[in-house]
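With positions in the sequence shown counted from 1, the corresponding number in our numbering is that position plus 17.
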Amino acid sequence: MKKEKIKVVLCCFEKIPSDVIKEAKSIIEKKFNAEVKVVKGLFLPPTRVRKVEGVQQLLADSFLAPVAAQAGEDYGIGITVQDIYTPDTNFVFGLASPLLRSAIVSTYRLKAKGSVLFLRRIAKEIIHELGHAIYDLPHCKNPKCVMHFSNSVED
Numbered sequence: 018m019k020k021e022k023i024k025v026v027l028c029c030f031e032k033i034p035s036d037v038i039k040e041a042k043s044i045i046e047k048k049f050n051a052e053v054k055v056v057k058g059l060f061l062p063p064t065r066v067r068k069v070e071g072v073q074q075l076l077a078d079s080f081l082a083p084v085a086a087q088a089g090e091d092y093g094i095g096i097t098v099q100d101i102y103t104p105d106t107n108f109v110f111g112l113a114s115p116l117l118r119s120a121i122v123s124t125y126r127l128k129a130k131g132s133v134l135f136l137r138r139i140a141k142e143i144i145h146e147l148g149h150a151i152y153d154l155p156h157c158k159n160p161k162c163v164m165h166f167s168n169s170v171e172d
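Below, the structure written as structure tokens:
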């Protein structure tokens, strides 16, 4: 008996480059055996903003409810080019809520000199955050595990 595909809504906040959308959609389809719906051009949610070393950061939690609303009964993951944070961190690459069945990934700190490395970082972060959102996976102590907590892009 064939297992039914899960459904994931990919929410693109503001303008996300087409190669990033294509990579995100592909990685979700392949790694999660998912049917993916892409929603483009979403406005940034109302949120707390702070400046750290001259960089504007948006509260990561504020993205989760709008992503969940777009996803409805399905799972949702948002992508933003904005730098994001949680109250107890300097920044985060992403954040997930299994309860809301949603996650957010920021590409801001994943940038690399080559587009292949940049897209690979985005793919890893999407897998990590959906691991939390879909399967409620905890962080892993093994640095080679995709569920390992990352403090830097080198992790």
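Note that CB positions come from ideal geometry on N, CA and C, so glycine has one too.
None of the values given here were measured: they were computed from a predicted structure.
Item, Value
"Bridge partner(s) assigned by DSSP for S119", "G93, S114"
"Sub-8 Å separation of V55 and Q87 beta-carbons", "no"
"Rounded straight-line distance, which links the Cα of P83 to that of K20", "29 Å"
"C-alpha distance - K22 paired with H156, whole-angstrom precision", "25 Å"
"When K24, V122, E171 are compared against T103, the one with the closest alpha-carbon", "V122"
"Nearest-angstrom Cβ-Cβ length linking P115 and A85, presumed shorter than 8 Å", "At roughly 11 Å, the Cβ-Cβ gap does not stay under 8 Å, so P115 and A85 are not in contact."
"Contact test: Q87 Cβ vs the ligand FMN heavy atom, cutoff 7 Å", "Although the ligand FMN was asked about, the structure shown includes no ligands whatsoever."
"Contact check, D91 vs V26, beta carbons under 8 Å", "yes"
"Delimiting residues of the alpha helix (DSSP H) encompassing Y102", "Note, Y102: premise wrong, no alpha helix (DSSP H); beta strand (DSSP E) at 100 to 102."
"Endpoints, alpha helix (DSSP H) assigned at I139", "132 to 152"
"Residue(s) in a DSSP beta bridge with K54", "V26"
"Nearest to A113 (by Cα), restricted to the options V98, G93, N107", "G93"
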